[in-house]
Amino acid sequence: LLAFVSYLSPVVLDADDRVCRLAVVLAAWGLAVLSWRWVETPVRRRTLLGRRRPLLQTAALALAVTFAVGWSLRGGLPGRIKPEVLALASAESAAKEWPDDAGAALENRLPKFGAKAAEAPARVLIWGDSHAKSIVPALAAWCVEERAAGRVAAYSATAPVIGFHRKSRGGLNTRSHAWSAAVLEIIRREKIPDTVR
């Protein structure tokens with residue numbers, strides 16, 4: 041505990057403050073007394089975990105629980121992955137951010153991404169199934185740089201093909217014809233120059 045004071049001092053503790061240092065010393069002393077009373081003494085007298093095997097099993101379990109809690113709190117080992125790769129991995133959450141809405145195209149309210157200004161022109165439209173949603177973060181970053189906006193026309197299990205549908209449990213099925221026609225009309229009306237399918 042005492043060794044971590046200088047490590048934590050810029051963030052949490054004021055290591056130069058005498059009251060802080062005294063509080064840390066008292067906390068360390070109190071934890072040492074509790075550890076001596078409830079852990080060290082019973083183990084040495086063999087009243088708790090008297091044999092070697094249960095003692096080692098308990099220590100291994102405590103180490104595993106500590107490791108699992110640390111792993112969970114830190115989200116694994118994020119430092120081993122480059123930020124660019126983490127950005128791509130966050131694309132999985134894009135599918136949750138852009139839920140399926142069949143009426144969005146039919147009612148001319150496709151969701152926008154990119155520049156926040158309402159008057160920003162739509163320069164790109166992402167049209168596809170649920171996999172198309174995974175590229176929204178990358179195109180949104182590009183749109184912000186270009187001060188432009190984009191639109192998302194994506195529905196799970198529905199291919200961006202005109203005049204074709206595939207029967208599926210989660211797709212639009214025969215309704216995909218009207219959906220595709222509505223998306224094409226939005227592209228024509230808003231004069232969106234680029235479509236990613």
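Note that my numbering gives residue 228 to position 188 of the sequence shown, counting from 1, and the numbers run on in steps of one. Even for Gly, the Cβ is constructed at its ideal location relative to N, Cα and C. Please read all numbers here as calculations on a predicted model, not as lab measurements.
Tell me, which residues are paired with residue i by DSSP?
{"i": "T235", "result": "L165"}
{"i": "G190", "result": "F153, V164"}
Let me check understanding here. Comparing Cα to Cα, which of the options lies closest to residue i?
{"i": "A180", "options": "V105, Y195, V125, R163", "result": "R163"}
{"i": "K152", "options": "T214, D57, E230, A72", "result": "E230"}
{"i": "E124", "options": "V59, A178, L62", "result": "A178"}
{"i": "A218", "options": "L95, A108, I232, G143", "result": "G143"}
{"i": "H171", "options": "R120, R237, E185, V184", "result": "R237"}
Identify, in the order they occur along the chain, each residue of the same chain with its Cβ nearer than 7 Å to the Cβ of residue i, setting aside the five sequence neighbours on each side.
{"i": "D169", "result": "A194, Y195, S196, A197, T198, A199"}
{"i": "T214", "result": "H205"}
{"i": "V223", "result": "A145, W167, A193"}
{"i": "W111", "result": "none"}
{"i": "T98", "result": "L89"}
State yes or no: is the C-beta of residue i within less than 7 Å of the C-beta of residue j?
{"i": "R191", "j": "L150", "result": "yes"}
{"i": "T235", "j": "W182", "result": "no"}
{"i": "L74", "j": "P82", "result": "no"}
{"i": "I232", "j": "L165", "result": "yes"}
Can you give the beta carbon distance from residue i to residue j, rounded, assuming they're within the 8 Å contact cut?
{"i": "N148", "j": "I202", "result": "So it is not a contact: roughly 18 Å between Cβ atoms."}
By Cβ distance, which residues of its chain are closer than 6 Å to residue i, with the 5 residues on each side in sequence left out?
{"i": "D140", "result": "Y195, S196"}
{"i": "S208", "result": "A197"}
{"i": "G211", "result": "A197, T198"}
Please work out which residues of its chain come closer than 8 Å, Cβ to Cβ, to residue i, disregarding the five sequence neighbours upstream and downstream, and give them in chain order.
{"i": "T106", "result": "none"}
{"i": "V109", "result": "none"}
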